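A quick write-up on the structure given underneath.
Numbering (UniProt numbering), first residue to last: 1 to 97.
Given below as structure tokens:
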């Protein structure tokens, strides 16, 4: 008789393995593990979804609102930053020609 332990099913543990990577689906071992937003990644799979730049704690921006996204700070600002007229206009953006 097989009884499913909720913790084991939620993290997809296999016999002798660890949790599976959100991006590639392979088992992630302790020394190559990165956790973000409740998901586990390999160190090599932990990159920006737009520009494929490797991420770490200094350049990471994640978004869970409408689907999960791992983005670097540059791509996050391009995709979700302020848009329209009024941004970049003012005393700080003036040029003297």
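Every residue, glycine too, gets a C-beta built ideally from N, C-alpha and C. Bear in mind that the values here come from a model prediction, so they are computed numbers and not experimental data.
- [ ] Give the DSSP bridge partners of residue 42, in chain order.
- [x] For residue 42, which the question treats as bridged, DSSP gives the partners 33.
Task: Helix, strand or coil at residue 80 [DSSP, three-state] - done: helix
Task: Residue closest to residue 79, alpha-carbon to alpha-carbon, out of 33, 50, 24 - done: The candidate whose alpha carbon is nearest that of residue 79 is 50.
- [ ] Note down the Cα distance separating residue 32 from residue 71, rounded to an integer number of angstroms.
- [x] 19 Å
- [ ] Using the Cα positions of residue 26 and residue 62, report the straight-line distance between them to the nearest angstrom.
- [x] 22 Å
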